[in-house]
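For the working numbering, count along the sequence shown from 1 and bump the result up by 14.
A short worksheet on the structure shown next.
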Amino acid sequence: MNIKEIARAAGVSVATISRVLNHPEQVLPETREHVLAVMKEHHYTPNWFARGLNLGRTNTIALLVPNLELNRFQQLICGVETVARSKQYAVILCHTENDPAQELAYLEMVRTRHIDGVIFAPSSLSRQQREPLLSDGVPCVHVGRGAESGFDAMCYIDQEESAFRLTQHLLSLGHESIGLLLDDRLRLEAAQVEAGCRRALAGTQARLMLWSCRSTIPDGFNAGYRILRAGGKPPRALITFSDRQAFGVLRAAERLDVAVPEELALATLADSPLCPIVSPAVTGMEQPTARLGMLAARMLFDRIESGAPAAAQEIVLQPKLKIRRSCGNRKHIYELFD
15 MNIKEIARAA GVSVATISRV LNHPEQVLPE TREHVLAVMK EHHYTPNWFA
65 RGLNLGRTNT IALLVPNLEL NRFQQLICGV ETVARSKQYA VILCHTENDP
115 AQELAYLEMV RTRHIDGVIF APSSLSRQQR EPLLSDGVPC VHVGRGAESG
165 FDAMCYIDQE ESAFRLTQHL LSLGHESIGL LLDDRLRLEA AQVEAGCRRA
215 LAGTQARLML WSCRSTIPDG FNAGYRILRA GGKPPRALIT FSDRQAFGVL
265 RAAERLDVAV PEELALATLA DSPLCPIVSP AVTGMEQPTA RLGMLAARML
315 FDRIESGAPA AAQEIVLQPK LKIRRSCGNR KHIYELFD
């Protein structure tokens, strides 16, 4: 049935049906209850998309994510959806795979479907490429650092500080050569991580060695195998960008009879529920990514609900060091199962 047929069955006007759906506070309680009962009797479901267009809202936001495999992005998605559910909003999940062309295609979808707001986690596009969306006045939040991004709403975990603290910890254990295994598909974060490591090494005699691979266990294994078998002297300590890379390196060390942490200290910038479980348990930086997702969603809904340009906002979250056995620290093990 359509809205006209429901109005006829209820004995009211189409305008009354519209008010029951869009502005129920303007309808007498007995009339509202009668109309809702008729709708239920006839199994009538409103076209919420059309209703949203009439109200200027679709109660839908888009979340653009570059990688669905990593625990950090999975937790971020959960955080966004927790807040969206409380607001009775749907979340369209867009997996960009770090592909600018795919991201542009999703942005065109956002414009044509009148999505209420967008969270970029993060964006690989230039400000000029995003200009059509910004010109439309679509509220946006960027999960990532960088004033050059062109976003006036940003929240992120301080990856440079995370790398700085983890490198300092390894230096405090006496390691004079530190390897860094990055993921060059996440270029902005990789640059921040490298900057943090170099800041920690400034003024020391320690050397930094760089490698890169995808954030998967097989790629971590292959990279670890190359690092440990490479000519010359391998690093005494290795920091990985992701937990999966660390697990791959652990497997490579086992294959090559390299003892962790006695011969290779290992730590990751992305702690996960598996890090305390593997053997040896992996030292990592706990990233509050679920909280970050909730924060990004709240920032976005503040902008959607205000209906007006909001002041620039930048919020930074700090990671927490979880010291376990893989780094070689035997005196203080902060093993927390929380």
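Even glycine gets a Cβ: it sits at the ideal position worked out from N, Cα and C.
Span of the beta strand (DSSP E), counted from its first residue to its last, around residue i
i    : result
V105 : A104 to H109
I167 : It is Ala, not Ile, that sits at residue 167 in the sequence shown. It spans A167 to I171 - the beta strand (DSSP E) in which A167 sits, taken as one unbroken run.
C154 : C154 to V157
E39  : Unbroken run through E39: none, as it is neither H nor E.
Q327 : Q327 to L331
Residue i: CB within 7 Å of a non-hydrogen atom of the ligand FMN
i    : result
Q206 : The ligand content of the structure shown is nil, which means the ligand FMN is not present either.
Helix, strand or coil at residue i [DSSP, three-state]
i    : result
T72  : coil
T45  : helix
T59  : coil
E276 : coil
S191 : strand
M15  : coil
V296 : coil
E83  : coil
A281 : strand
G25  : coil
R338 : coil
G131 : strand
L288 : coil
Q88  : helix
L77  : strand
L139 : coil
C-beta atoms of residue i and residue j nearer than 8 Å
i    : j    : result
L84  : S256 : yes
I133 : V97  : no
G234 : G217 : no
V105 : L314 : no
L185 : A209 : no
A119 : V79  : no
L82  : I171 : no
E122 : S137 : no
A204 : D197 : yes
A279 : A260 : no
L215 : L194 : no
Continuous alpha helix (DSSP H) stretch holding residue i: start and end
i    : result
E319 : T303 to S320
R344 : Unbroken run through R344: none, as it is neither H nor E.
A115 : P114 to T126
Three or more C-beta pairs below 8 Å linking the stretch 18-33 and the stretch 42-56: yes
Contact between the stretch 296-304 and the stretch 325-343 (3+ Cβ pairs under 8 Å): yes
Alpha helix (DSSP H) runs contained entirely in the stretch 199-270, provided each spans 4 or more residues: 201-215, 231-243 and 257-269
The stretch 308-317 touching the stretch 145-152, judged by at least three CB pairs closer than 8 Å: no
Segment contact flag, the stretch 165-173 with the stretch 182-189, C-beta cutoff 8 Å, min 3 pairs: no
The stretch 136-149 touching the stretch 174-181, judged by at least three CB pairs closer than 8 Å: no
Segment contact, 8 Å Cβ cut-off, at least three pairs: the stretch 260-274 with the stretch 228-243: yes
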